[in-house]
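Protein sequences appear in the order of chains S and D. The opening residue of the first sequence carries number 39 in my numbering; numbering runs sequentially from there. The opening residue of the second sequence carries number 39 in my numbering; numbering runs sequentially from there. A virtual CB, placed ideally from N, CA and C, is assigned to each residue, including glycine. Since this is a predicted model, take the numbers as computed values, not measurements.
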Amino acid sequence: MNVKIPEMMDRPEVLLRGNFACAGCGLSIAYKTSISALNRPIVVIPACCSSVIQSLHPNVAYNVPTLNIAFAAHASAASGIARAKKMRGEDTTTVVWSGDGGTYDIGLSTWSGAAERNENIIHFCYDNNFYSNTGAQRSGATPRGAVTTTTPRGKREKRKSIARIMAAHDIPYIATASIGYLRDLYTKVKKASMIEGYRFILIDAPCPTGWNSDPAITPELGELSVKTGYFPLFEIEEGKLTFSKRGIRYKDPINRLSIEKYLEKQGRFKSMTSEQTKLLTDDLQYEWDMLSKLE
Amino acid sequence: MCSCLSRKEEAESLGNDSRVEVKEMVQSLEKPQTKLMTGAEAVATAAKLSRPQVIAAYPITPQTKIVETLSGMVARGEMDTEYINVESEHSAMGAVIGASLAGTRTFTATSSHGLLYMGELVWWAGMTRIPVVMPVVNRSLNPWNIWPDHQDAMAFRDAGWIQFYAKNNQEVLDLTICAFKIAEHHKIWMPVMVCLDGFILSHTSAQVEIPSQAIVDAFLPPFEPLAMLDPDNPFAHGSLTDSEGIWEQRMSLIDGFNNARVLIPQILKEYTDKIGRLGDYLIEVTGNIEEAECAIMALGTLGEEAEQTVEFLSEKNIKTVVFRLRVFRPFPRKELISLIKRVPRLLVIDRAVSFGNAGQLAIEIQAELFAHKVDVLFYQKIMGLGGMDVTYADIAVEVENILKEE
Ligand SMILES: Cc1ncc(C[n+]2csc(CCOP(=O)(O)OP(=O)(O)O)c2C)c(N)n1
Ligand code: SF4
Numbered sequence: 039m040n041v042k043i044p045e046m047m048d049r050p051e052v053l054l055r056g057n058f059a060c061a062g063c064g065l066s067i068a069y070k071t072s073i074s075a076l077n078r079p080i081v082v083i084p085a086c087c088s089s090v091i092q093s094l095h096p097n098v099a100y101n102v103p104t105l106n107i108a109f110a111a112h113a114s115a116a117s118g119i120a121r122a123k124k125m126r127g128e129d130t131t132t133v134v135w136s137g138d139g140g141t142y143d144i145g146l147s148t149w150s151g152a153a154e155r156n157e158n159i160i161h162f163c164y165d166n167n168f169y170s171n172t173g174a175q176r177s178g179a180t181p182r183g184a185v186t187t188t189t190p191r192g193k194r195e196k197r198k199s200i201a202r203i204m205a206a207h208d209i210p211y212i213a214t215a216s217i218g219y220l221r222d223l224y225t226k227v228k229k230a231s232m233i234e235g236y237r238f239i240l241i242d243a244p245c246p247t248g249w250n251s252d253p254a255i256t257p258e259l260g261e262l263s264v265k266t267g268y269f270p271l272f273e274i275e276e277g278k279l280t281f282s283k284r285g286i287r288y289k290d291p292i293n294r295l296s297i298e299k300y301l302e303k304q305g306r307f308k309s310m311t312s313e314q315t316k317l318l319t320d321d322l323q324y325e326w327d328m329l330s331k332l333e
Numbered sequence: 039m040c041s042c043l044s045r046k047e048e049a050e051s052l053g054n055d056s057r058v059e060v061k062e063m064v065q066s067l068e069k070p071q072t073k074l075m076t077g078a079e080a081v082a083t084a085a086k087l088s089r090p091q092v093i094a095a096y097p098i099t100p101q102t103k104i105v106e107t108l109s110g111m112v113a114r115g116e117m118d119t120e121y122i123n124v125e126s127e128h129s130a131m132g133a134v135i136g137a138s139l140a141g142t143r144t145f146t147a148t149s150s151h152g153l154l155y156m157g158e159l160v161w162w163a164g165m166t167r168i169p170v171v172m173p174v175v176n177r178s179l180n181p182w183n184i185w186p187d188h189q190d191a192m193a194f195r196d197a198g199w200i201q202f203y204a205k206n207n208q209e210v211l212d213l214t215i216c217a218f219k220i221a222e223h224h225k226i227w228m229p230v231m232v233c234l235d236g237f238i239l240s241h242t243s244a245q246v247e248i249p250s251q252a253i254v255d256a257f258l259p260p261f262e263p264l265a266m267l268d269p270d271n272p273f274a275h276g277s278l279t280d281s282e283g284i285w286e287q288r289m290s291l292i293d294g295f296n297n298a299r300v301l302i303p304q305i306l307k308e309y310t311d312k313i314g315r316l317g318d319y320l321i322e323v324t325g326n327i328e329e330a331e332c333a334i335m336a337l338g339t340l341g342e343e344a345e346q347t348v349e350f351l352s353e354k355n356i357k358t359v360v361f362r363l364r365v366f367r368p369f370p371r372k373e374l375i376s377l378i379k380r381v382p383r384l385l386v387i388d389r390a391v392s393f394g395n396a397g398q399l400a401i402e403i404q405a406e407l408f409a410h411k412v413d414v415l416f417y418q419k420i421m422g423l424g425g426m427d428v429t430y431a432d433i434a435v436e437v438e439n440i441l442k443e444e
């Protein structure tokens, strides 16, 4: 599938001006690109930065119907919406829009249930690697070595592989994407929207506020995460993984930029020791190896 | 014959030779039927008659039979309902909140630890006013046991839900049907809990009159959403709100309960007029209030047990009366006070405790007595925790002790 640039230029405004997002917020870019690609979306948002950037009631920056719900209730609420709209015979697209905390950690059970039932939902997880809304605490998505307010000396554990956990549910479509490659993201969302059942899209979404990075380089960080092999781009359909065109060359470590190029631009990695960097590099290679087994 | 046929299809499949018989069978569906059924079956039957469009539930003893019965009805095509087999109670309430806001009539049921696990979303439904109906089969909390008491539902008395406590299986059925009409009244628009004692009602068979589908349809029109998630008219539900907005929302909830106080008796009356039996009262009075030396107050089946006490004691020439609260939220203050003013003594029995204080019902009634300067001798007793058996004779002993003490 190939989406032409003019089509992307022509998409509806789903996130209005005056919203509360920080300058250079990666999740806002991910939201605009993803939600605008969908037909009649209804979006469920658990507690996260996305529940804040919508602005203060009665103003609302989201130009699509939005249900705010408790942190661990996104996929269940979306299941209810999807079934109700089916019952009413209405043509809508039910969406979960969650952070990594909501997906990797507290909401794991709710989405696992919905995925097992193969509910007709597209689940987006914008991954900024931690809890940004509550002020930068660690999550299951935080990489080894990253400093957060609850891992002041750098996280000791490796990052969870949510894509492989999701893949174990054998849902019809899984994709990863980065805000550094918007056409790739948009195309994957379009593709997902043509499939029925539980679909999952994980989006690498830098958070300059919590990562302590320059807001002006957010898209660049999105690119670097792919080019350094930090964030592999792929799709999984019917149990088979395909690395995406934009990222497949980074499967071979020879083609990757050095990980330091990515780490040095972010305050959260400033105090990484060389030993921590080595462990992180090993984690990344391990993930590539595990993903390659699904090819 | 295939058991998945509905009775009507079954009748039709009998063929031409039995036309007369078919007609009679179809007609009989229009009349009320009387059946021996458990409280759990009464809930499921009431739910079926109320035509919920989305059900999401998770099993827990002694609620299990409700979800099993409803899943069977949906699977056999007897109900036009989306049934979501969620992985937890938290998700059950999450799903009905989503389904309700997407414009459908919703139903779930739970008990005990299930209700506690659902807790965050029970409050979510209460504060954002989701008109879902949820029977709670009352069961005690840990250590593990499955015995009845009211500790589970009492933990949610402040959650913005209307709470009914039923005394028998007939009332379970009638109140569950009414609960939909009450929850969905546009001037109420809030969730309703129908509480029934675990095992005592849920697993005990009793005679229940079941109204016909046609008559329930005439009482309960299809779901009419007040606000709906709709791509043609986008809005954000439950978004970030400032203090003023929260204040405004809470005040509107208080108004909603005030409306419910007035409207519940009207809806119960309409049900009674159209369908029968129930009565429009919030507090059931059993016994002669004018002669009573002592009034007994209790919820659910303890209230019904106390009704037996009245008869039992009258044989000993002790005159008592029972005030059984059928609705606990909204708290029927006015009705209570006007009744209590007419008796010299009041014994309040609680099947739950607010630890560190006293039984919830007793605490709340004392507050009203003080506010209205009611001159009554007040007694309280906690009974039946963890399913401890409470008989009419046990209640009689309490009354006799009170009278002896003086
Ligand atoms: C049950 C519950 N526990 C804790 C919180 C506090 N809380 C709100 S948002 C959040 C973190 C969200 O992290 P994530 O999902 O990664 O989204 P982000 O903030 O990064 O956008 C936490 C811990 C909550 N709202 N509810
Ligand atoms: S804290 Fe990070 S994720 Fe949250 S709005 Fe700001 S930049 Fe975006």
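### Message
DSSP three-state label for residue 454 of chain D, please.
### Response
Look at the range of chain D in this structure, 39 to 444, and you will see that residue 454 of chain D is not part of it.
### DSSP bridge partner residues for residue 420 of chain D (one or two, in chain order)
DSSP links residue 420 of chain D through a beta bridge to D:388.
### Message
Using the three-state DSSP reduction, which class does residue 174 of chain D fall into: helix, strand or coil?
### Response
Looking at residue 174 of chain D - three-state DSSP - the assignment turns out to be strand.
### Query
DSSP beta-bridge partners for residue 135 of chain S?
In the DSSP output, where bridge partners are listed per residue, residue 135 of chain S has S:162.
### Message
Check this for me: beta carbons of residue 92 of chain S and residue 40 of chain S, under 9 Å apart or not?
### Response
No; because the gap between Cβ atoms is not below 9 Å, this pair is not in contact.
### Message
If contacts are defined as beta-carbon pairs under 8 Å, then residue 235 of chain D and residue 269 of chain D qualify, I think. What distance do you get, rounded to the angstrom?
### Response
The pair is not a contact, with the Cβ atoms about 45 Å apart (cut-off 8 Å).
### Query
If you draw a straight line from the alpha carbon of residue 242 of chain S to that of residue 326 of chain S, how long is it in whole angstroms?
Going by the C-alpha atoms only, they are around 16 Å apart.
### As assigned by DSSP and simplified to three states, the class of residue 83 of chain S
Reduced to three states, the DSSP call for residue 83 of chain S is strand.
### Query
Between which two residues does the alpha helix (DSSP H) harbouring residue 320 of chain S extend?
Run containing residue 320 of chain S: 312-330, per the alpha helix (DSSP H) assignment.
### Where the alpha helix (DSSP H) containing residue 295 of chain S begins and where it ends
Per DSSP, residue 295 of chain S lies in no alpha helix (DSSP H) segment and is marked neither H nor E.
### Message
Let's test the definition: count the other Cβ atoms within 10 Å of the Cβ of residue 351 of chain D and tell me whether it reaches 16, buried, or not, exposed.
### Response
Taking all protein chains in view, the Cβ of residue 351 of chain D is crowded by 16 or more other Cβ atoms within 10 Å, so the residue is classified as buried.
### Query
Where does residue 287 of chain S fall in DSSP's three states?
If DSSP states are grouped into helix, strand and coil, residue 287 of chain S belongs with the helices.
### Task
Taking 8 Å as the threshold, find out whether the segment 229-246 of chain S comes into contact with the segment 204-221 of chain S through three or more Cβ pairs.
The segment 229-246 of chain S makes contact with the segment 204-221 of chain S: 3 or more CB pairs, one atom from each, lie closer than 8 Å.
#### Entry: Residues bridged to residue 188 of chain S (per DSSP)
Partner(s): none; residue 188 of chain S has no beta bridge.
### Terminal residues of the beta strand (DSSP E) in which residue 299 of chain D lies
For residue 299 of chain D, there is no enclosing beta strand (DSSP E); the enclosing alpha helix (DSSP H) covers residues 281-312.
### Task
Flag residue 93 of chain S as yes when its Cβ comes closer than 8 Å to any non-hydrogen atom of ligand 1, and as no otherwise.
No.
### Task
Confirm the yes/no value for this check: CB of residue 238 of chain D, any heavy atom of ligand 1, distance under 8 Å.
It does not: the Cβ of residue 238 of chain D is nowhere closer than 8 Å to a heavy atom of ligand 1.
### Task
Could you tell me which chain D residues have their CB closer than 7 Å to the CB of residue 124 of chain S, listed as they occur along the chain?
Those within 7 Å of residue 124 of chain S in chain D are 120.
#### Entry: Neighbour flag for residue 100 of chain S against chain D, beta carbons, 9 Å
Closer than 9 Å: yes.
### Query
Which residues of chain D have a Cβ atom closer than 8 Å to the Cβ of residue 50 of chain S, listed in chain order?
Here the premise fails: no neighbours, minimum Cβ distance about 11 Å.
#### Entry: Supposed contact pair residue 264 of chain D and residue 275 of chain D - C-beta distance, whole angstroms, cut 8 Å
Contact doesn't hold; Cβ gap of about 11 Å is too wide.
### Query
Can you check whether the CB of residue 95 of chain S is closer than 9 Å to the CB of residue 280 of chain D?
The answer is yes: Cβ separation under 9 Å.
### Query
How would you write the range of the beta strand (DSSP E) that residue 319 of chain D sits in, first residue to last?
It is not in any beta strand (DSSP E) - residue 319 of chain D carries neither H nor E in the DSSP assignment.
### Distance cut-off 8 Å: residue 370 of chain D Cβ against heavy atoms of ligand 2
Checking the 8 Å criterion, the Cβ of residue 370 of chain D is out of range of every heavy atom belonging to ligand 2.
### Task
Go ahead and pull the three-state DSSP assignment for residue 226 of chain D.
In this structure, DSSP gives residue 226 of chain D a state outside helix and strand, which the three-state scheme calls coil.
### Task
Ignore the nearest five residues each way along the sequence and tell me which others in residue 335 of chain S's own chain have a CB closer than 7 Å to its CB.
As shown, chain S starts at 39 and ends at 333. That puts residue 335 of chain S outside it, with no answer to give.
### Query
Start and end of the alpha helix (DSSP H) containing residue 122 of chain D?
Unbroken run through residue 122 of chain D is the beta strand (DSSP E), 120-122; no alpha helix (DSSP H).
### For residue 104 of chain S, the first and last residue of its enclosing alpha helix (DSSP H)
No alpha helix (DSSP H) contains residue 104 of chain S, which is instead part of the beta strand (DSSP E) from 104-106.
### Query
By Cβ distance below 8 Å, which residues in the same chain neighbour residue 91 of chain D in space, the five residues on each side in sequence not counted?
Taken in chain order, the residues that qualify are 118, 119, 120, 137, 142, 143, 144 and 261.
### Query
Is there a Cβ from chain D that is less than 9 Å from the Cβ of residue 330 of chain S?
For residue 330 of chain S, no CB of chain D lies under 9 Å from its own CB, so it is not counted at the interface with that chain.
### Query
For the alpha helix (DSSP H) that residue 408 of chain D lies in, which residues bound it at each end?
DSSP places residue 408 of chain D in the uninterrupted alpha helix (DSSP H) bounded by 398-409.
### Query
Just to confirm, does residue 70 of chain D get its C-beta within under 8 Å of one of the non-hydrogen atoms of ligand 1?
No - ligand 1 has no heavy atom lying nearer than 8 Å to the Cβ of residue 70 of chain D.
### Message
If you reduce the DSSP assignment to three classes, tell me which class residue 220 of chain D lands in.
### Response
Reduced to three states, the DSSP call for residue 220 of chain D is helix.
### Contacts around residue 1 of chain S, its chain only, beta-carbon distance under 8 Å, and the 5 residues preceding and following it disregarded
Not covered by the structure: residue 1 of chain S. The range shown for chain S is 39 to 333.
### Message
Quick check for students: name the residue ranges of the beta strand (DSSP E) that lie wholly in the segment 246-277 of chain S, counting only runs of 3 or more.
### Response
DSSP runs (the beta strand (DSSP E)) wholly in the segment 246-277 of chain S: 272-275.
### Query
So, does the CB of residue 251 of chain S fall closer than 9 Å to a CB anywhere in chain D?
With 9 Å as the cut-off, residue 251 of chain S does not count as an interface residue toward chain D.
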